[in-house]
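In terms of our numbering, the sequence shown is residues 4 to 112.
Virtual Cβ for every residue (Gly too), placed ideally from N, Cα, C.
Written below as structure tokens is the structure these notes are about.
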Amino acid sequence: MTANRGRTIFERIIDREIPAQIVFEDDDFIAIRDIAPKAPIHLLVIPKRHTERVDEITDAAEMGRLWLTAVKVAREQAADYRLVVNCGEGGGQVVFHTHIHILAGWEKG
Ligand code: 5GP
4 MTANRGRTIF ERIIDREIPA QIVFEDDDFI AIRDIAPKAP IHLLVIPKRH
54 TERVDEITDA AEMGRLWLTA VKVAREQAAD YRLVVNCGEG GGQVVFHTHI
104 HILAGWEKG
């Protein structure tokens, strides 16, 4: 069972209560720069609909839109990139609002 951790930092960013560097936004998703980048380019693609972790998304079309958005944003930033999803505390997840990491830019450095 997943504990109820309350409203996350990403919901507060989506609602403009906390600033973030936004690189993409549409009705369903927002993409921001990670505050503590682990690569030269480190973005987070975040669905606006709240789920705690990616495996709570059970609709194939919704999951497809999430991944297609991540790929589109990644391709706008770099030719090559890594997509990462941390799922659950044991998987390294810290913020319990579903997101995909885009890591890229090593070829420039
Ligand atoms: P997780 O480990 O949950 O997959 O990753 C959460 C990510 O969110 C981390 O890479 C962390 O640096 C990033 N992060 C945490 N708080 C903030 C914040 O307030 N603003 C932004 N832009 N990123 C954040």
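- Please look up how many angstroms separate the CB atoms of Ile17 and Ile33, rounded, as I've assumed it's under 8 Å. 6 Å
task = Check whether the Cβ atoms of Thr101 and Glu55 sit closer than 9 Å, and answer yes or no.
result = yes
Is it the case that the Cβ atoms of Leu86 and Trp70 are separated by a distance below 9 Å? yes
For Glu20, name the three-state secondary structure that DSSP assigns.
-> coil
For Glu14, which of Ala81, Ala63 and Pro50 has the nearest alpha-carbon? Pro50
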